[in-house]
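S.K.: Those sequence lines, one after another, are chains V and Y.
Numbering (our numbering) for the first sequence: 1 to 110.
Numbering (our numbering) for the second sequence: 111 to 223.
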Amino acid sequence: GESVGLHLPTLSVQEGDNSIINCAYSNSASDYFIWYKQESGKGPQFIIDIRSNMDKRQGQRVTVLLNKTVKHLSLQIAATQPGDSAVYFCAEDGYNKLIFGAGTRLAVHP
Amino acid sequence: ETGVTQTPRHLVMGMTNKKSLKCEQHLGHNAMYWYKQSAKKPLELMFVYSLEERVENNSVPSRFSPECPNSSHLFLHLHTLQPEDSALYLCASSQDIGNQPQHFGDGTRLSIL
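1) Which same chain residues, not among the five before or five after K122(Y), have their C-beta less than 6 Å away from its C-beta?
2) Note down the Cα distance separating S52(V) from N22(V), rounded to an integer number of angstroms.
3) Please decide whether F185(Y) counts as near chain V, where near means a Cβ-Cβ distance under 9 Å.
4) Interface residues of chain Y around D31(V) at Cβ under 9 Å?
5) Among all the DSSP beta bridges, which residues are the ones paired with I99(V)?
6) Given that D216(Y) touches chain V, what residues does it touch there, using C-beta distances under 8 Å?
7) Under DSSP, the beta strand (DSSP E) around A107(V) begins and ends at which residues?
8) With 16 as the cutoff for other CB atoms within 10 Å, does Y95(V) come out buried or exposed?
9) Could you check whether the Cβ of E162(Y) sits closer than 9 Å to any Cβ belonging to chain V?
10) Whose Cβ in chain V lies nearer than 8 Å to the Cβ of P171(Y)?
11) Spatial neighbours of T63(V) within its chain, please: C-beta separation below 6 Å, excluding the five flanking residues on both sides.
12) So I111(V) is in the beta strand (DSSP E); what residue range does that whole segment cover?
13) For a quick check, are the C-beta atoms of I20(V) and F33(V) less than 9 Å apart?
14) Would the beta-carbon of V87(V) fall within 9 Å of that of E39(V)?
15) So which residues on chain V does E166(Y) lean against when the C-beta distance must stay under 8 Å?
16) What number of angstroms, rounded off, separates the C-alpha of T80(V) from the C-alpha of V108(V)?
In C-alpha cells, the structure reads:
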C-alpha cells in the first residue's frame, strides 16, 4: 500500500488461518478504541470499535479484545481471506480526536 | 460506496501554486476532519470542525487554510507548499466529535514539485 509507512510491521498468514493483530495504546484514561483497515489506494475503513466498559466485542469474522490493565488492544480475524490483505490501524479516543497507531500490514498467502 | 467524497484524487502542483482540496459528506454528520498521511508517520490530524466551527488546529502551518461553509462540505486551501507537504490528505466525518467512528474518504494524493 503506497499510502502508509515503509517500515510497518508485517504479519504474514496462510489463507484460512486466524490472524491476530496487536496494538498498545498510551493513555490509561482513553475510553473508546477503534480498528480501521486501509487497502492500497483507499482511505481507512471502519472495522469495529469497543468502549472501555467492555473487554471483548465481536463482529462478522472479527473480534476485538481490550486489556486495560496492560493497555493492549487486539484484532482477531477468523478464517483470513486474500481480501483481508491491507494495513490495519488501531486508534484511541483522545478528546475530540482519534490518535492513530502506526499500523500493521497483513499479508495473506494462498 | 463511501459516504465521504474527496476531489481531486490526485494533484500535482508547484510550490508557488494555489489549489484547493474538496471534501463532501452525504452522511448527515456534524463533524469533519482533515488528516495528513505520509510515509513513515502515523495519520496526523490537521483540523477538526464541529457544526462548521473549527474546534482543533493541530499546529498546522498557515500555508494550509481550511474552510467549512456548511456541515456537508470541507475545503483545504493550499498556498506556497513545500516538498515535504507531499502526502495523502484524508477527509473524515463523524456524527459528532468524540467517542465515535470517523468515516474516511479515499484521499487526495498531493505531489509538490
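The C-beta atom is built at its ideal place from N, Cα and C for all residues, glycine as well.
These numbers come from a predicted model, not from an experiment.
M.R.: Once the coordinates are examined:
1) Residue 122(Y) is actually Val in this sequence, not Lys. Same-chain partners within the cutoff: S221.
2) 17 Å
3) no
4) N209
5) E92(V)
6) G41, K42 and G43
7) T104 to H109
8) exposed
9) no
10) Per Cβ cutoff of 8 Å: no residues; P171(Y) is ~19 Å from chain V at best.
11) Q76
12) Outside the shown range of chain V, which is 1 to 110, sits residue 111(V), and nothing can be said about it.
13) no
14) yes
15) N96 and K97
16) 7 Å
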